[in-house]
Structure formats: structure tokens, C-alpha cells
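I have placed the structure first, in the form of C-alpha cells, so that the comments after it can refer back to it.
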DNA sequence: AATGGCGCCTGAACGC
DNA sequence: TGCGTTCAGGCGCCAT
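Numbering (this note's numbering), first residue to last: 26 to 300.
Here you go:
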């Protein structure tokens, strides 16, 4: 499932190849989470800028002769972006296509929880609204251990739910939250506001280390995710707890447990992770 | 105000 | 074998 590492890997494998290109056509398939917000013809002739990332969103700036804007893109749960010179005919799950002089950019998304939305700028509606509630970027130096601990103390829910909300730190979804909590030795059921300062510092480091490792491994491919070259990720093979219910913990050898928190699976080691 | 839960959507896995 | 059910989860939205 695309979380921050998968989105960043997509950006890395896409940005340089598209930057400076020109849009020659755009096509829509089945509806995505939200409408595009402009006729696809609106994109014709626009010059492509440097793709950036905010949380799990990508922003593709598009410059016209006398106007500008861009596309805010989200991969949802099953989306991936592919750029190819001569792509195969569009398939059942290809729902957006941007034909450019650098190749054809295509969003493939079986479940259609993804989105591509036109916005006149990243800091005006609708992009600004969609990004408004996002917490700090995990690798932002301004996110200090002290600031992170302060934000934890303000939440009365479990640490799992708090991290998943994306309001304390963006980018970690169900896989990487389970992995980071294991690496930090923190029980996912622990009350967010009861995490001590030293443990919160360890958690922040674990989140950063887990996300960075996942980016370097090309993300996780559980089923659908591919980078813009069509390559799958390898982090899932390094996962210590996610998807490993009943298997022995790599630290203590005890069985890894699966519980459900907020309708979502959490994997953890009850022995190594403490409240 | 903060928090928990729902529903969107499809394909794979599972059970009888 | 085949059909129905359950599960996966990012995230806006709604209810409490």
C-alpha cells in the first residue's frame, strides 16, 4: 500500500524524467476518488516542472503561456504511476493518462481510492484544503524530539492511532507504523500521552530509520505497488512484524501477535514491546 | 474539540 | 466446482 516511501520512490523515479517536458494530451478513465476539476484538454501544451511530495501526495507543477497550476496526485491504496515511451494499450484499471514528449504517464489503480486533482497552485483550493491537516514531514529538522514529544502529550488515543492519523508526523501508514513501533519497543496500545520523553525520542528515530530504509529498498510491494519504471519494492522482505502473525519474533523468539485497532491490523511482539 | 467509526472500491483468499 | 463472505487500508466525512 502506498505510504510515504512508495510515494517518494515514485517521485524519485519520475521527477527528472518529466521535468521540462510538455503535455500533448490527457485522458481520463473511470472516476477516481475526486474529479479532476478541469477538462482534460485544459492540460494540453503545458510545460512540466519539478515534481514534489508532501506526505503521501505528489504535486506536479504545470506552466502555461500565461497561466499556471498543477496536478495534486494521490495513490490511494492500490495506485501506481508509470512512465513509458510506448505503453501497452490502456487496461481496465488505467484511469488517468498524461501524454508528454517525455513519454506517457499513467495512473493504474484497481481500487480507485487514488486521485488526481487540478489546482491553480499548491497553496490555494483545492490542493491547499487537501494538504491542510497534514503533520510535519518525518525528515524535517524542525521536527525535533522535543516538538514530537509535545505533540504526543496532546493526544489521548493510542500511539498506533495517533501515528496513523498523520497529524503528528506524515507518511507512516499501517505497515510502517507497526514496524517503527516494534523497532522502538513500544506497545501499539500504549496511550499516546503516556509515552516518556526518552521513548518518544526513540520512536521518532525508529520512524525515520524505518521510512529511510524503505525508500532505499524501493518501498514495499504487497500486491500492486510499482515504481515509475514498473519495478516492485523489497521492504516487505525486511519487515520484522508486519504480516508475520504467529511467526517467531527476531529478538525474543516469541510469537508475533495480530490485533485489530480501529478496524485495522496491528502486528507486534507482546514481549519486546511495552506500554 | 477530540476521537472513533464508516464507507468508498476491487481482487484475492477463504469457507461451505 | 462454485458461489457467497471477508479482508486489505488511506482518508474525508460524520456521529458522538
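For glycine and all other residues, C-beta sits at the position ideal for the given N, C-alpha and C.
- Unbroken beta strand (DSSP E) runs of no fewer than 3 residues, entirely contained in the stretch 75 to 118, are found at 77 to 79, 82 to 88, 93 to 99, 105 to 109, following chain order.
- Residue pairing by DSSP puts residue 126 in a beta bridge opposite 128.
- When DSSP states are grouped into helix, strand and coil, residue 43 belongs to the helix group.
- Counting C-beta atoms within 10 angstroms of its own C-beta, residue 288 has fewer than 16 neighbours from the protein chains shown and is therefore classed as exposed.
- With 16 or more other Cβ atoms from the protein chains shown falling within 10 Å of its own Cβ, residue 48 counts as buried.
- Short of 7 Å from the beta carbon of residue 94, and not among the five residues preceding or following it, lie these beta carbons of its own chain, in chain order: 87, 143, 144, 145, 146.
- Secondary structure of residue 173 (DSSP, three-state): helix.
- Here DSSP, grouped into helix, strand and coil, assigns residue 233 to helix.
- Around the beta-carbon of residue 56, fewer than 16 other beta-carbon atoms lie within 10 Å, marking it exposed.
- With at least 16 other beta carbons inside 10 angstroms of its own, residue 204 counts as buried.
- Boundaries of the beta strand (DSSP E) harbouring residue 291: 289 to 293, taken from the DSSP string.
- When the Cα atoms are used, residue 197 and residue 96 turn out to be separated by approximately 23 Å.
- The beta carbon of residue 103 sits closer than 6 Å to the beta carbons of 134, 135, 136, 249 from its chain, once the five residues preceding and following it are set aside; these are given in chain order.
- Contact between the stretch 209 to 225 and the stretch 170 to 190 is present: 3 or more CB-CB pairs across the two stretches fall below 8 Å.
- Between residue 271 and residue 281, the gap from beta carbon to beta carbon is short of 9 Å.
- When the beta-carbon positions are compared, residue 245 and residue 98 stay at least 9 Å from each other.
- Cβ contact annotation for residue 157 (same chain, cutoff 7 Å, sequence separation greater than five): none.
- Sequence-distant partners of residue 186 (beyond 5 residues in either direction) whose C-beta falls short of 6 Å from its own C-beta, in its chain, are 287.
- DSSP places residue 53 in the strand class (E or B) of the three-state scheme.
- In the structure shown, the three-state DSSP call for residue 202 is helix.
- As computed with DSSP, residue 161 is found in no beta bridge at all.
- Residue 222 carries a helical assignment under DSSP once its states are collapsed to helix, strand and coil.
- Residue 251 holds the alpha-carbon nearest to the alpha-carbon of residue 105 among 256, 251, 260.
- Taking the Cα positions, residue 214 is about 44 Å away from residue 123.
- Scanning 129, 179, 110, 295 for the CA closest to the CA of residue 206 turns up 295.
- It is roughly 26 Å from the alpha-carbon of residue 125 to the alpha-carbon of residue 149.
- Ranked by Cα distance from residue 65, the options 75, 74, 73, 54 are led by 54.
- Here the stretch 158 to 168 does not lie against the stretch 251 to 261, with fewer than 3 beta-carbon pairs under 8 Å apart.
- Around the beta carbon of residue 208, 16 or more other beta carbons lie within 10 angstroms, which makes this residue buried.
- Per the C-alpha coordinates, the member of 236, 237, 238, 264 positioned closest to residue 247 is 264.
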